[in-house]
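284 is the number of the first residue of the sequence shown in the numbering used here; add one for each residue after it.
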Amino acid sequence: MQAFQLVRESKGKEATPSGWKPAKLTLKPGPDLVGKVWEVWKTDMAFD
Numbered sequence: 284m285q286a287f288q289l290v291r292e293s294k295g296k297e298a299t300p301s302g303w304k305p306a307k308l309t310l311k312p313g314p315d316l317v318g319k320v321w322e323v324w325k326t327d328m329a330f331d
């Protein structure tokens with residue numbers, strides 16, 4: 284629910300990866316991120 288609220292409040296300027304928790308890294312959607320999410324986000328950034 285918190286991930287949904289964050290994305291909605293940011294009006295889509297931030298995205299939350301699977302397993303996201305508050306205070307963890309969010310993604311900034313855009314053409315530069317397409318196909319490169321793995322370079323920016325690692326699973327250990329989401330799960331405790």
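Where is the CB? At the ideal position from N, CA and C, for every residue including glycine. These numbers come from a predicted model, not from an experiment.
CA-to-CA, the gap between L308 and T299 works out to about 8 Å. Within a 10 Å sphere around the beta-carbon of W321 sit fewer than 16 other beta-carbons, which makes this residue exposed.
Here L310 is bridged, per DSSP, to A298.
Taken atom to atom, the span from the alpha-carbon of S293 to that of A306 is near 15 Å. In this structure, the alpha-carbon of G302 lies about 19 Å from that of K296.
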